[in-house]
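Heads up, the thing below is written out as structure tokens.
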Amino acid sequence: EEQQSIDWLTNHIGPSVEVVQHWEITFPARQRLLKTNISLYDYYEHFPCLKVAEGAQLLQKDFAKLHPEASRLADRWDLIKNHLTQKYRNSTTISQGDKVHVQNLPQLLQIGKDAVLLYLLPLLIIATPAKRKRKQRQNVQNPDGQCHNADDLNGENRNRLGAQEKQDSFIIYVETSAEITGALIRERQRHQAAGTTFQPIPIFVGPLERPTAFYVSMNICQDNPILYKVDSPLDAINLWFQATYALGLTYPKRSEQ
């Protein structure tokens, strides 16, 4: 039955009810497959149902099976956001321009408040000491646009990031949806230059204090970005986090530096 369901998923992206049924049946087999260090590109090719909008829910189902006791960020956000707001107000490392966003928080709608609080978060993270290189599943793209597996993170700690680079490696902000592709290409190029892997990343569209759309980009290949649309900044961060763990990916080193 398990193999039959895998074969079915390889050739179908719907109907949704049947996809979910086969997805749940194949959970053990798919976990074994992920542990073989299959590339994200090949995994999505094997299960094309992940390429459509419903793919986000499938990844969240896997995360729930792997971490049944995990809570959602939204469940604790009221406490977290108050703590972050105080941290930002007292910070000596945040630029004056970013301090203006903190000062504007009381006047913003909740969706704008959340976007600002998340945008500034990397500035509170202290750089971690350099560690020995480790293997991980990657999706490295050749100059000719082809994706393939790679075994090592070459130069993972080669470059330390400035404040803006930290923010850009955590969440991509663009003014319009038309700018998403270009922003993804630029971030991919920065990763290639640093010898790091371009992992999934949230995308916020619109002015920082008044965002209008939210996505998670899975960064399968430059010429075929897969975007999951969500309803809020918290939903984007939550999906990004759950997808990262459901797929057995490593947290992007550029955001830790």
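Per the UniProt record's numbering, residue 1 is the first one in the sequence shown, and the count goes up by one each step.
Beta carbons are placed, not taken as given, at the ideal position from N, Cα and C, and that holds for glycine.
_Buried or exposed (CB count within 10 angstroms, at least 16 for buried), residue 130_ = Reliability fails at residue 130, whose pLDDT of 47 lies under 50, so the model's placement of it is uncertain and no value is given.
*asked:* I'd like the list of long-range same chain contacts for residue 238, defined as Cβ closer than 6 Å, with 5 residues on each side in sequence excluded.
replied: The beta carbon of residue 238 lies closer than 6 Å to those of 72, 73 in the same chain, with the five residues before and after it left out.
*asked:* Using a 10 Å radius around the Cβ and a threshold of 16 neighbouring Cβ atoms, would you call residue 100 buried or exposed?
replied: Taking all protein chains shown into account, residue 100 has fewer than 16 neighbouring C-beta atoms within 10 Å of its C-beta and is therefore exposed.
*What residue from 40, 41, 37, 56 has the CA that sits closest to residue 23's CA?*
Ranked by Cα distance from residue 23, the options 40, 41, 37, 56 are led by 56.
*Going by alpha carbons, who is nearest to residue 11 out of 26, 84, 47?*
Among 26, 84, 47, the Cα nearest to that of residue 11 belongs to 47.
*Closest by C-alpha distance to residue 53, when choosing among 244, 117, 215*: Closest option to residue 53, judged by alpha-carbon separation, among 244, 117, 215: 215.
_Neighbour-count burial assignment, residue 2, 16 or more Cβ in a 10 Å radius_ = Counting Cβ neighbours within 10 Å, residue 2 comes out exposed, since fewer than 16 surround it.
*Which whole-angstrom value is the C-beta distance of residue 109 and residue 85, which I expect to be below 8 Å?*
In fact, because the Cβ distance is near 15 Å, the residues do not count as touching under 8 Å.
*Could you pull out every residue in the same chain whose Cβ sits closer than 7 Å to the Cβ of residue 29, ignoring the five residues on either side in sequence?*
Result list for residue 29: 2, 6, in chain order.
*From which residue to which residue does the alpha helix (DSSP H) around residue 261 run?*
The question about residue 261 has no answer, for the chain in this structure spans 1 to 257.
*Taking one C-beta from the segment 63-82 and one from the segment 187-196 each time, how about it: are there three or more such pairs within less than 8 Å?*
No, the segment 63-82 is not in contact with the segment 187-196.
_Reduced DSSP category for residue 177 - H, G, I as helix; E, B as strand; rest coil_ = DSSP, read as helix, strand or coil, puts residue 177 in helix.
*Return the CA-CA distance between residue 244 and residue 202, expressed in angstroms with no decimal places.*
Straight-line Cα distance between these residues: approximately 11 Å.
*Counted within 10 angstroms of its Cβ, other Cβ atoms place residue 97 as buried (16 or more) or exposed*: Exposed, by the Cβ-count rule.
_Test item: CB-CB of residue 41 and residue 50 under 9 Å_ = Not a contact, by the Cβ cut-off of 9 Å.
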